[in-house]
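Undergrad: One structure coming up, written as structure tokens, with questions to follow.
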Amino acid sequence: MNTYQAKNIINVAMAGHSGAGKTSLAEAMLYLAGASDRRGKVGEGNTVCDYDPEEIRRKTSVSTAVAPFEWKNKKINLLDTPGLFDFEGGLYEATRAAESVVIVLAGKSGVSVGTEKAFAAAEKRGLAKIFFVNGLCDEGSDFYKVFEDLKASFGPSVCPIVVPYFEDGKADKYINMLEYKAYDYSGGKPVQVPMPDMGARLEGLRTAIYEAVAETSDELFEKYFSGEEFTPEEVIIGVSQGVKQGTISPVFCGDAMLMRGMEQFMDGLCWLAPSAADKAAELAVDVDGNPVEITVNEDAAPAAIVFKTVADPFIGKLSYVKVISGKITTETQLVNMRTGNVERIGKTVTMCGKKQEDVKAIVAGDIGAIPKLSAVNTGDTLCAPARKVTLDPIEYPTPEMSMAVVPKNKGDEDKIAQGIMRLAEEDPTIRFVNNTETKEMVISGMGEQHLDVIVSKLKSKFGVDVTLRSPRVPYRETIRKTVSVQGRHKKQTGGHGQFGDVWIEFSPCDADGLEFAERVVGGAVPKGFFPAVEKGLRDCIAKGPLAGYPVVGLKATLYDGSYHPVDSSEMSFKMAATLAYKAGMPQANPVLLEPIGALKVTVPDANMGDIMGEVNKRRGRVLGMAPAGTGYQTVEAEAPMAEMHDFSTYVRQVTQGRGSFTFEFVRYEEAPANVAQKVIEAAKAAGEVE
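Counting from -16, one number per residue, gives the positions in the sequence shown under this note's numbering.
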């Protein structure tokens, strides 16, 4: 592939709801441009962009793929993103590297949650938004209904560029509204034909174009509403500038499977989509925290963002980069601004799916990859030592579902941990903690399918079999009453015996664990044995009397006892303290404490009642509500951690994927008697307590 300047490079993220046909559209474009020698099909597992074994098996994208092609003297880098919400991280990676987002919709289903999410992601980063209505040859598809949905959802900025003309229920003719030309695809390749009679519909479409153009400037807005006609030049320039500025969202259509409308769409991308030179400039910060403008200039000092990582146990690490300024070659020395390390570039490649092609350089505005940068992670800035700057990292969604990882074979724990850490390098929406308290490895992800893919990859890539189960809840125990007890340890064997005798008062307090005090008078227990008594108690509080959970809020005061000048030892007093603990705790009205978390759920207005009802059902308390953007509200509540395990599934189901939430631990509260009883019974059944 030729080397292109930034003004001729177009970086496009393909986004939208799962099943809309993003990968099929990418496949059709690559085939038409000659970048692939045959047109693969998702169902057959032979597409350029779905090359991962998991994607082939599941017949759906699970990560972002890069596929460049050349068309009309432009280089177009396609970034094909997953549509499933469990793999939403891929959308955030692609929008970090692109200047435009092509939002693909199915002609049958129209605007869906994935459409809204893709539009919102593009808006957040100020990217151009282009709609493509796919599958118009499918039975039940209705372009004009989808178009009306788009107008209703996203306003007058939605502008029809290519529309279908239906004859006998078939969409074989496609009309370019700006060229005012019709093309017939019934023979496979487009043939220009006379304009068909579209009646009143044509006027409605033209009005939609004029409305969109009027939104691009105050001058055109006034002209439109004073009743003056736009000239053809004003329309064409207005649409072109509007798309680049993000104020117009053009609509194309076709059928990727039958190759209808592809040429017009690809021509439209070359004409309308902003180039890297138009929109790839960024504001970075220097080492002192001052803003620095990074322009798209091939001759400037290099600066690039790592927007995706592939960590393969056999091939090694591959870092996908978007170069903002300068160029990266094998001679380039780059500083990783996160670590401060200088990275040496072994080689530079371009990626087309999984295929690598060596290139001499990755230039400003372009996308490529660098192998074997072992210390570089997704979101890192690589820049010249002479101009140290940090670019905006990637903002990922928060993982909402956690499960405990259980190895099928004993001794696999280290391999599992290493495998998950490698997978988390590829996918930063994975979180992994080794919970020392519950003695569980806990993995967090975006949903059930996400976790299922992680389990599959652990087996296929790292050779370890695991199962998932609900994580244990880290309960605590405390006391509500003050008691005084004796602990007396006496053992006589041949020679020296063992003797320790203590009186300890156990009382509630606000400590995180044990608060130890003493008020011994008259040397009843020598000072030298105080640390042994405290050590014995600290060992004991790891297991409470009810269900074997750690004890908190316990004050133990040593106030009396006795000793033997020969037989007393540190071990004897440690044992005496243990006996006092075991005798005293059951008498001190022990209670079970459960962890309570702060919950913030952002959902559409229509789902407010459902969420509040569900929070109450899960023993939570709604604290208040706050607006969260147009049509959305955030419910703030507190809820027990024990009830939140499958909350992510509920939120996704009730909001069709529009809702999101965060849940963070805040404190412990006494568990209700019925809940405590179940936990205690489960602990006894598991042999945690006698």
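Note that the Cβ used here is the ideal one computed from N, Cα and C, for glycine as well.
Just list the beta strand (DSSP E) runs in the segment 452 to 488, keeping only unbroken ones of 3 residues or longer that don't cross its boundaries, in chain order.
TA: 459 to 462, 466 to 474
Undergrad: Secondary structure at Pro65, three-state DSSP: helix, strand or coil?
TA: Working through the sequence shown from its first residue, we reach residue 65 at position 82. Residue state, collapsed to three classes: coil.
Undergrad: Name the DSSP beta bridge partners of Thr292, please?
TA: On the sequence shown, residue 292 is found 309 positions in, with the first residue counted as 1. DSSP, once it has assigned bridges, lists Ser302 as partnering Thr292.
Undergrad: Can you check whether the CB of Gly(-1) is closer than 8 Å to the CB of Thr98?
TA: Position 115 of the sequence shown, counted from the first residue, corresponds to residue 98. Position 16 of the sequence shown, counted from the first residue, corresponds to residue -1. Result yes, Cβ atoms of Thr98 and Gly(-1) sit closer than 8 Å.
Undergrad: If you compare alpha carbons, which of Arg243, Glu653, Thr585, Glu671 is closest to Arg635?
TA: For the purposes of this step, residue 635 is identified with residue 652 of the sequence shown, where counting begins at 1. It is Thr585 whose Cα lies nearest to the Cα of Arg635.
Undergrad: Can the beta-carbon of Pro457 be found less than 8 Å from the beta-carbon of Pro623?
TA: One-based indexing of the sequence shown puts residue 457 at position 474. One-based indexing of the sequence shown puts residue 623 at position 640. In this structure, Pro623 does not lie closer than 8 Å to Pro457 by Cβ.
Undergrad: Just list the residues that DSSP pairs Phe646 with in beta bridges.
TA: The count along the sequence shown starts at 1 and reaches residue 646 at position 663. Note: Phe646 sits in a beta bridge opposite Leu582.
Undergrad: Measuring alpha carbon to alpha carbon, tell me which of Val174, Ala3, Ile144, Pro390 ends up nearest Ser223.
TA: Position 240 of the sequence shown, counted from the first residue, corresponds to residue 223. For the residues Val174, Ala3, Ile144, Pro390, the minimum Cα distance to Ser223 belongs to Ile144.
Undergrad: With DSSP as the reference, label Leu541 as helix, strand or coil.
TA: For this step, residue 541 is matched to residue 558 along the sequence shown. Residue state, collapsed to three classes: strand.
Undergrad: Could you give the first and the last residue of the continuous beta strand (DSSP E) run that contains Asn657?
TA: Counted from its first residue, the sequence shown places residue 657 at position 674. For Asn657, there is no enclosing beta strand (DSSP E); the residue is found in the alpha helix (DSSP H) stretching over 656 to 668.
Undergrad: Could you round the C-beta distance between Asp500 and Thr540 to whole angstroms and report it? I think they count as a contact, below 8 Å.
TA: As a working mapping, residue 500 is identified with position 517 in the sequence shown. As a working mapping, residue 540 is identified with position 557 in the sequence shown. Before going on, a small fix: residue 500 reads as Ala here, not Asp. Yes, Ala500 and Thr540 are in contact; Cβ-Cβ is about 5 Å, under 8 Å.
Undergrad: Hey, Ile353 and Val388: beta-carbon distance below 8 Å or not?
TA: Position 370 of the sequence shown, counted from the first residue, corresponds to residue 353. Position 405 of the sequence shown, counted from the first residue, corresponds to residue 388. Contact: no.
Undergrad: Would Pro233 be called buried (16 or more neighbouring beta carbons within 10 Å of its own) or exposed?
TA: Locating residue 233 in the sequence shown gives position 250, where the first residue counts as 1. That one is buried.
Undergrad: Mapping the DSSP letters down to three states, classify Glu501 as helix, strand or coil.
TA: The sequence position of residue 501 within the sequence shown is 518, counting from 1. It is a strand residue.
Undergrad: Once the 5 residues before and after Val96 are set aside, which same chain residues still bring their CB inside 7 Å of it?
TA: Walking along the sequence shown from the start, residue 96 turns up at place 113. Around Val96: His0, Gln639, Gly640, Arg641.
Undergrad: Taking 6 Å as the limit between beta carbons, can you name the residues of its chain near Phe204, skipping five residues before and five after?
TA: Translated into the one-based positions of the sequence shown, residue 204 becomes position 221. Excluding sequence neighbours, Phe204 sits near Ala197.
Undergrad: In its own chain, which residues sit with a C-beta less than 7 Å from the C-beta of Asp550, not counting the 5 before and 5 after it?
TA: Counting from 1 along the sequence shown, the entry for residue 550 is found at position 567. The residues are His479, Gly480, Gln481, Phe482.
Undergrad: DSSP three-state label for Cys120, please.
TA: Working through the sequence shown from its first residue, we reach residue 120 at position 137. Note: Cys120 maps to coil in three-state DSSP.
Undergrad: Going by DSSP, what residue range makes up the alpha helix (DSSP H) through Ser385?
TA: As a first step, residue 385 is located in the sequence shown; it is residue number 402 there, counting from the start. Taken as a continuous stretch (DSSP letters only), Ser385 belongs to no alpha helix (DSSP H), being part of the beta strand (DSSP E) at 384 to 390.
Undergrad: How big is the Cα-Cα spacing for Val25 and Val31?
TA: For this step, residue 25 is matched to residue 42 along the sequence shown. For this step, residue 31 is matched to residue 48 along the sequence shown. Here the alpha carbon of Val25 sits roughly 9 Å from the alpha carbon of Val31.
Undergrad: Please report the residue range of the alpha helix (DSSP H) in which Asp435 lies.
TA: Counting from one through the sequence shown, the residue named residue 435 turns up at place 452. Run containing Asp435: 431 to 445, per the alpha helix (DSSP H) assignment.
Undergrad: What do you get for Gly210, buried or exposed, if any count of 16 or more other CB atoms within 10 angstroms of its CB means buried?
TA: Within the sequence shown, numbered from 1, the residue matching residue 210 stands at position 227. So Gly210 ends up on the exposed side.
Undergrad: Taking one C-beta from the segment 125 to 139 and one from the segment 30 to 46 each time, how about it: are there three or more such pairs within less than 8 Å?
TA: no
Undergrad: How many Å lie between Val270 and Ser357 at the Cα?
TA: The residue labelled residue 270 in the question sits at position 287 within the sequence shown. The residue labelled residue 357 in the question sits at position 374 within the sequence shown. In a straight line, the C-alpha of Val270 is about 24 Å away from that of Ser357.
Undergrad: By a C-beta neighbour count over all protein chains shown, 10 Å radius and 16 as the cutoff for buried, is Phe528 buried or exposed?
TA: Translated into the one-based positions of the sequence shown, residue 528 becomes position 545. Reading the sequence as shown, one finds Pro at residue 528 and not Phe. Buried, because 16 or more other Cβ atoms sit within 10 Å of the Cβ of Pro528.
Undergrad: Within 10 angstroms of its Cβ, does Ala320 collect 16 or more other Cβ (buried), or is it exposed?
TA: Counted from its first residue, the sequence shown places residue 320 at position 337. The displayed chain sequence assigns Met, not Ala, to residue 320. It counts as buried.
Undergrad: Take every Cβ of the segment -1 to 18, pair it with every Cβ of the segment 293 to 307, and state whether three or more of those distances are shorter than 8 Å.
TA: no
Undergrad: Considering Cα atoms alone, identify which of Arg41, Tyr14, Lys42, Pro382 is closest to Leu61.
TA: Counting from 1 along the sequence shown, the entry for residue 61 is found at position 78. Cα-wise, what sits closest to Leu61 is Tyr14.
Undergrad: Three-state secondary structure (DSSP) at Phe512?
TA: Translated into the one-based positions of the sequence shown, residue 512 becomes position 529. The answer is helix: DSSP assigns Phe512 an H, G or I state.
Undergrad: What are the boundary residues of the alpha helix (DSSP H) that Gln(-12) is part of?
TA: Within the sequence shown, residue -12 is the residue found at index 5, counting from 1. It is not in any alpha helix (DSSP H) - Gln(-12) carries neither H nor E in the DSSP assignment.
Undergrad: Classify Thr64 as buried or exposed, calling it buried when 16 or more other Cβ atoms lie within 10 Å of its own Cβ.
TA: Working through the sequence shown from its first residue, we reach residue 64 at position 81. Per the 10 Å Cβ criterion, buried.
Undergrad: Run through the DSSP bridge pairs and tell me what Asp341 is partnered with.
TA: The residue labelled residue 341 in the question sits at position 358 within the sequence shown. DSSP, once it has assigned bridges, lists Val332 as partnering Asp341.
Undergrad: Measuring straight from C-alpha to C-alpha, what distance separates Lys600 and Lys661?
TA: Looking up residue 600 in the sequence shown gives position 617. Looking up residue 661 in the sequence shown gives position 678. For Lys600 and Lys661, the distance between alpha carbons rounds to 18 Å.
Undergrad: Can you tell me the Cα-Cα spacing of Glu82 and Asn(-6), whole angstroms?
TA: Your numbering for residue 82 matches position 99 in the sequence shown. Your numbering for residue -6 matches position 11 in the sequence shown. If I take the Cα positions, the gap works out to 6 Å.
Undergrad: Based on Cα-Cα distance, which residue from Tyr542, Glu553, Ile277 lies nearest to Lys371?
TA: Locating residue 371 in the sequence shown gives position 388, where the first residue counts as 1. Comparing C-alpha distances from Lys371 to each of Tyr542, Glu553, Ile277 shows the shortest one belongs to Ile277.
Undergrad: Quick check on Met424: does DSSP put it in helix, strand or coil?
TA: Translated into positions along the sequence shown, residue 424 becomes position 441. Reduced to three states, the DSSP call for Met424 is strand.
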